[in-house]
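> Submitted below is the structure of interest, expressed as structure tokens.
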Amino acid sequence: MKLFFQRVWLFPILCTSLPFHCIQNRDDLFYSSREGNQKIFEAYTLKNSACGREKLPGALFLGRVKIDDLKLCIRAIELTNCVTWNTEGYLPDSCKAIGTSFR
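In structure tokens:
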């Protein structure tokens, strides 16, 4: 039992003495709303040019956007064939699933 309390007592000391470089900067996981909107508009412009269509993104990002989510969406846009792209209201599922962070 004594050993248990010694370990419990040491745990907070070890946690607070660890170097802070272990904590990941969460900002590097997100695009700002401006960057996210710019990238999605670029993807739409390229796809519209290739498919002869003038579609606009269904929504604007109002907050930060996860970089990986947006890259997945853009890749799905690139891989969509023109027949599907030109279908009214079509949006890849990965684009529908993009979450926005307001922090």
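In this note's numbering, the protein residues as written are 8 to 110. Beta carbons: idealized from backbone N, C-alpha and C, even for Gly. Everything numeric in this text was worked out from a predicted model, so none of it was measured.
Given a threshold of 16 other Cβ atoms within 10 Å of its Cβ, counted over all protein chains shown, does Arg-71 qualify as buried or as exposed?
One-based indexing of the sequence shown puts residue 71 at position 64. Burial call: buried.
> How close, in whole Å, do the beta carbons of Pro-99 and Ala-83 come, if the pair is a contact with beta carbons under 8 Å?
For the purposes of this step, residue 99 is taken as residue 92 along the sequence shown, with counting starting at 1. For the purposes of this step, residue 83 is taken as residue 76 along the sequence shown, with counting starting at 1. Indeed they touch by this definition, with Cβ atoms about 4 Å apart.
> Using 8 Å as the Cβ pair cut-off and three pairs as the minimum, do the segment 75-82 and the segment 56-63 touch?
Touching, no, given that fewer than three Cβ pairs across the two stretches are closer than 8 Å.
> Report back the beta-carbon spacing between Ile-74 and Phe-37 to the nearest angstrom; my notes put them in contact at under 8 Å.
As a first step, residue 74 must be located in the sequence shown, where it is residue number 67. As a first step, residue 37 must be located in the sequence shown, where it is residue number 30. Yes, Ile-74 and Phe-37 are in contact; Cβ-Cβ is about 6 Å, under 8 Å.
> For Glu-61, which residues of its own chain have a beta-carbon under 7 Å away from its beta-carbon, when the five flanking residues on both sides are left out?
Translated into the one-based positions of the sequence shown, residue 61 becomes position 54. Excluding positions up to five away in sequence, the list reads Asn-55.
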